[in-house]
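Take a look at the structure below.
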Amino acid sequence: MSPTAVSAAPTAEKFPAAALVILAATTFLSVTIEMIPTGLMPEMSRELGVTEGQIGLLLTVFAFTVVVSAVPLTALTASWPRRTILVVALSGLATSTVLSAIAPTYELLIGARLIGGLFHGLFWSVACAYAGYIVSREQVGRAVSIIVSGGTLAFVLGVPLGTALGHVLGWRMAFGVIAIAGFIGVVLVVLIVPPVNRVAPAKRVRKRDRNPADALRASTWRDETTVITLFVCLLAAFIMVGHYSFYSYITPFLLEVVGVSVDALPTMLFIYGVAGAVGLVLMGWLFSSKVVLGLRWSLLGCLAGVVLLAAATAIPWLAFLGFVLWGVSFGILPPTLQTTMLRTASDRIRDSASAVYTSSFNFGIGAGALVGAMLLPGIGLAGLPWFYVVILVAAIVGSTVGIRAITRRRLRDEISRASSHTN
270 MSPTAVSAAP
280 TAEKFPAAAL
290 VILAATTFLS
300 VTIEMIPTGL
310 MPEMSRELGV
320 TEGQIGLLLT
330 VFAFTVVVSA
340 VPLTALTASW
350 PRRTILVVAL
360 SGLATSTVLS
370 AIAPTYELLI
380 GARLIGGLFH
390 GLFWSVACAY
400 AGYIVSREQV
410 GRAVSIIVSG
420 GTLAFVLGVP
430 LGTALGHVLG
440 WRMAFGVIAI
450 AGFIGVVLVV
460 LIVPPVNRVA
470 PAKRVRKRDR
480 NPADALRAST
490 WRDETTVITL
500 FVCLLAAFIM
510 VGHYSFYSYI
520 TPFLLEVVGV
530 SVDALPTMLF
540 IYGVAGAVGL
550 VLMGWLFSSK
560 VVLGLRWSLL
570 GCLAGVVLLA
580 AATAIPWLAF
590 LGFVLWGVSF
600 GILPPTLQTT
610 MLRTASDRIR
620 DSASAVYTSS
630 FNFGIGAGAL
640 VGAMLLPGIG
650 LAGLPWFYVV
660 ILVAAIVGST
670 VGIRAITRRR
680 LRDEISRASS
690 HTN
């Protein structure tokens with residue numbers, strides 16, 4: 270029996286925990302599908318006869334597809350029921366993962382990743398915003414944190430689990446297992462996640478606005494929260510460029526620079542994942558109401574951890590300490606960025622802001638993997654973390670100055686509007 274539809278402005282008395290957990294699980298799967306090549310580079314490169322840098326470019330292909338498709342697809346599907354979009358997008362992601370698992374050549378694998386990127390962007394443009402349609406306004410923060418936690422855990426646990434599966438079953442079977450989990454997720458969404466009744470923005474498009482994407486952009490630019498929302502999106506992209514220029518190649522870095530054995534690699538990545546999960550808990554415990562403070566501390570922690578890891582490769586226990594600190598700090602980072610964006614954006618631009626954030630975040634992932642591949646021949650694996658360090662320093666300075674400046678501007682605008690109303 271299908272759950273009863275709820276309105277766009279719910280007054281739910283009961284918190285829909287089961288539905289939110291299912292949404293969190295699907296975000297975990299979608300991000301794991303995107304990131305899975307990271308932990309399986311040696312196996313995939315050997316079988317497909319390509320370099321590890323070319324395997325890293327599978328992230329770039331996937332992420333850049335999200336960048337160019339998320340906003341247009343969000344506009345084109347604006348009149349669709351929200352749950353239908355979730356089902357279609359998740360089904361497409363699972364299917365693309367099956368195609369990846371059976372792709373006989375590198376070129377066909379790229380094609381499968383392109384398909385996955387299309388559906389990934391569509392999925393994320395709706396997944397987090399869904400919280401606003403199934404809970405009351407007072408519960409949105411709590412609901413969003415649950416959904417976002419799935420994606421965050423995927424960044425820190427999805428790769429280690431995928432790596433372990435790949436070592437035991439082979440990389441193709443690892444893709445296959447994740448695809449099966451994706452199809453199970455589709456069924457659970459249909460059975461448990463309630464549909465929502467919502468007037469889509471596309472239905473309010475003026476007749477002369479023939480292109481729904483143009484109309485979506487026009488309504489977005491008129492919103493007073495657009496500037497700071499875009500700043501958060503650009504900041505996320507910039508940080509992810511640095512992170513994935515290094516993290517995309519963390520497996521060969523640990524093996525060749527730090528000297529971790531092949532057998533110990535899954536354990537190392539799993540420890541990083543556990544550290545990230547600890548960071549996620551700390552975010553909810555310490556920074557749920559102070560996300561800007563959480564952002565600063567997570568960036569500082571990433572900086573300290575990466576410097577320690579890069580500088581102490583000859584001292585295993587010290588490098589390990591840096592690796593764990595990096596994991597904890599990065600566990601805090603994505604949810605603070607996502608929550609900052611969602612709290613900043615007004616209700617009117619929530620869906621479009623989510624689509625732009627998804628594009629920005631994935632641009633950072635794709636560009637980071639590409640930059641890492643370009644830097645690799647010149648600076649080697651040992652040089653990649655230092656490039657990340659430069660990005661982190663710039664992000665710390667930029668986020669502090671930028672958020673402060675935009676906040677002051679908004680405060681001046683509010684005072685000006687209040688004065689005009691008084692007069």
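The sequence shown: position 353 = 622 (my numbering), numbered continuously. For every residue, glycine included, the Cβ atom is placed at its ideal position computed from N, Cα and C.
Does residue i pass the burial test, meaning 16 or more other C-beta atoms within 10 Å, or should it be called exposed?
i      : result
Val575 : buried
Pro481 : The predicted position of Pro481 is uncertain, since its pLDDT is 49 and thus under 50; a value taken from the coordinates is nonetheless stated next. Label assigned to Pro481: buried.
Thr374 : exposed
Leu377 : exposed
Leu578 : buried
Arg673 : exposed
Leu555 : exposed
Leu562 : exposed
Ala484 : Confidence in Ala484 is poor, its pLDDT being 49 and thus under 50, which makes the residue's placement unreliable; the coordinate value appears in the next sentence. The residue in question, Ala484, is buried, as its Cβ has 16 or more Cβ neighbours within 10 Å.
Val437 : exposed
Thr346 : buried
Thr432 : buried
Gly308 : buried
Ser365 : buried
Gly649 : exposed
Pro470 : Annotation note: pLDDT 46 at Pro470 (below 50); position unreliable, coordinate value reported separately. Pro470 is buried by the Cβ-count criterion.
Ser530 : exposed
Trp638 : Looking at the sequence itself, residue 638 is Ala, so the reference to Trp does not match. The residue is buried, with at least 16 neighbouring Cβ atoms inside 10 Å.
Ala583 : exposed
Val300 : buried
Ile634 : buried
Ile354 : buried
Val496 : exposed
Val662 : exposed
Hey, residue i and residue j: beta-carbon distance below 8 Å or not?
i      : j      : result
Ile519 : Ile660 : no
Ser514 : Val640 : yes
Val501 : Gly548 : no
Leu328 : Ser517 : yes
Phe284 : Val404 : yes
Glu321 : Pro521 : yes
Leu298 : Gly451 : yes
Gly454 : Ala294 : yes
Val425 : Leu434 : no
Ile324 : Met310 : yes
Ser332 : Phe632 : Residue identity differs from the one stated: residue 332 is Ala in this sequence, not Ser. Contact flag set, yes.
Leu564 : Thr609 : yes
Thr498 : Thr613 : yes
Arg352 : Val526 : no
Phe589 : Gly545 : no
Leu326 : Ala533 : no
Pro429 : Pro535 : yes
So residue i packs on residue j, CB below 8 Å; how close in whole Å?
i      : j      : result
Tyr626 : Phe592 : Not a contact, Cβ separation roughly 28 Å.
Ile291 : Val458 : 6 Å
Leu572 : Val658 : 6 Å
Ala412 : Ala400 : 4 Å
Arg382 : Val330 : 5 Å
Leaving out five residues on either side along the sequence, give the residues of the same chain with a beta carbon under 8 Å from the beta carbon of residue i.
i      : result
Arg315 : none
Arg477 : The predicted model places Arg477 with a pLDDT of 48, which falls under 50 and marks its position as unreliable, so this point remains unresolved.
Gly652 : Leu644
Leu503 : Ser629
Leu587 : Leu577, Ala581
Could you name the residues of the same chain whose beta carbon sits closer than 6 Å to that of residue i, not counting the 5 residues immediately before and after it, in chain order?
i      : result
Ala358 : Phe388, Leu391, Phe392
Ser360 : Val455
Ile665 : Leu568
Ala286 : none
Leu317 : Tyr375
Ile384 : Ser365
Thr421 : Leu549, Pro603, Pro604
Can you list, in chain order, the residues of its chain whose CB lies under 7 Å from that of residue i, leaving out five sequence neighbours each side?
i      : result
Pro654 : Phe515, Val575, Leu578, Ala579
Ala636 : Val510
Val335 : Gly386, His389, Gly390, Thr627, Ser628, Asn631
Ala288 : Ile403, Ile461, Val462, Pro463
Leu538 : Gly308, Val428, Pro429, Thr432
Ala622 : Thr498, Met610, Ala614
Ala594 : First, the residue type needs correcting, since residue 594 is Leu and not Ala in the sequence shown. The residues are Gly570, Ala573, Gly574, Leu577.
Counting only beta-carbon separations shorter than 8 Å, does residue i have a partner in chain B?
i      : result
Trp586 : Among the chains in the structure shown there is no chain B, since it carries only a single protein chain.
Q. Does the stretch 387-398 come close enough to the stretch 332-339 that 3 or more CB-CB pairs lie under 8 Å?
A. Pairwise C-beta distances place the stretch 332-339 in contact with the stretch 387-398, as three or more of them are shorter than 8 Å.
Q. Are the stretch 439-450 and the stretch 357-372 touching, with three or more C-beta to C-beta distances below 8 Å?
A. Note that the stretch 439-450 touches the stretch 357-372; at least 3 beta-carbon pairs, one per stretch, sit closer than 8 Å.
Q: Decide if the stretch 599-609 is in contact with the stretch 410-419; the criterion is three or more beta carbon pairs, one per stretch, under 8 Å apart.
A: Touching, yes.
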